[in-house]
Amino acid sequence: MGPVTNNGGDPLTTRVRNVTDTGFEFQMDEWNYLDGPHTTETIGWLAMSEGSHTLASGQTVVAGTHTVGTNLKTVSFGESLGEAVVLTEVTTYNGTDAVTTRLRNVDSSGFQVRLDEEEAQGDHGNETVSWIAVETGTASGLDVVRTPDQVNHRADTFGFNTDFDTSPVLLGDIQSIDGGDTSTLRMSSLSDSSVSLFVDEESSKDIEVRHTNETVGYVAMEEGVIYEDTFFV
2 MGPVTNNGGD PLTTRVRNVT DTGFEFQMDE WNYLDGPHTT ETIGWLAMSE
52 GSHTLASGQT VVAGTHTVGT NLKTVSFGES LGEAVVLTEV TTYNGTDAVT
102 TRLRNVDSSG FQVRLDEEEA QGDHGNETVS WIAVETGTAS GLDVVRTPDQ
152 VNHRADTFGF NTDFDTSPVL LGDIQSIDGG DTSTLRMSSL SDSSVSLFVD
202 EESSKDIEVR HTNETVGYVA MEEGVIYEDT FFV
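Residue numbering for the sequence shown follows the numbering used here, beginning at 2 and increasing consecutively.
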């Protein structure tokens, strides 16, 4: 899920639980030092069966789940991909404190991932993290991009490489840990031609929320159902 839009200025993350073959539960989760309630936001989501899938464009998509804690865990795709974007989400509710994922070292074989609580809290118990890796590229109704190392606390706008009739579903994750402060990817605007993204730090430990440049991966896609070997809206 996510990135979340920026209707409410308080930093937050998303949380998913009770994933079945028919649906799931989710919530927006403000960090613990905040008051809890949050205004209405828009959130994109993608659900996919575990395993390897190939789209009509030739792009490979791999999905899986792993148990992850606050130490970096190395995850293998199980096959070699081209340049990929990895999307991750905490999909259990073992610990009640707000938590997010951070990624680094995304390459052709896999990636590393850990859990981050707000800085004032510290460690978090193990949770299930679900992940989807998508090879970069453009197809009808689909644009998968890995940005340069340039996204920080100031909104950066990226134009889409494919034509959308309306604003697409936008999914994304920070792909690096150049800055160690707890943070999530947020979306300040979205249209049929572009998206603006920024890194949103929380301020439980100090009021400084400037963040260094990070690499971001995003997937823009038309709303609908994806079938293996094709893409339907």
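Even for Gly, the Cβ is constructed at its ideal location relative to N, Cα and C. Since the model is a prediction, treat every value here as computed from it, not as a measurement.
query, result
"Beta-carbon gap between E223 and V170 smaller than 9 Å", "yes"
"Validate contact between the region 117 to 131 and the region 60 to 70 using beta carbons, cut 8 Å, 3 pairs", "yes"
"Secondary structure of V146, DSSP reduced to three states", "strand"
"Distance, I227 Cα to F233 Cα", "With a pLDDT of 41 at F233, under the threshold of 50, the modelled position of this residue cannot be trusted, and the question is left open."
"G123 versus M188 - alpha carbon distance", "26 Å"
"Spatial distance of A57 from A121 (CA atoms)", "46 Å"
"Alpha carbon of A156 to alpha carbon of D174, nearest angstrom", "15 Å"
"Beta-carbon proximity list for P4, same chain, < 6 Å, skipping 5 on both sides", "G173, L186, R187 and M188"
"Collapsed DSSP secondary structure at M29 in the structure displayed", "strand"
"Beta-carbon proximity list for A48, same chain, < 6 Å, skipping 5 on both sides", "none"
"Minimum C-alpha distance to T11 - residue among S195, Y94 and D36", "The amino acid at residue 11 is misidentified as Thr; the sequence shows Asp. Selected option, being the one with the closest Cα: D36."
"CA nearest to the CA of Y219, picked from S197, E202, D207 and E203", "S197"
"Cα-Cα separation between T167 and N33, rounded to whole angstroms", "36 Å"
"Sheet register partners of D174 (DSSP bridge)", "G218"
"Contact under 9 Å by Cβ, V100 with L116", "yes"
"Test item: CB-CB of S50 and S77 under 9 Å", "no"
"Inter-residue spacing [alpha-carbon to alpha-carbon] between G83 and R147", "12 Å"
"G181 versus V107 - alpha carbon distance", "17 Å"
"Assigned secondary structure, D117 (DSSP; H/G/I helix, E/B strand, else coil)", "strand"
"Anticipated Cβ contact below 8 Å, S177 with T216, distance rounded", "4 Å"
"Cβ-Cβ distance between G160 and S204 below 9 Å", "no"
"Nearest-angstrom beta carbon gap, R16 and D30 [assumed within contact, 8 Å]", "5 Å"
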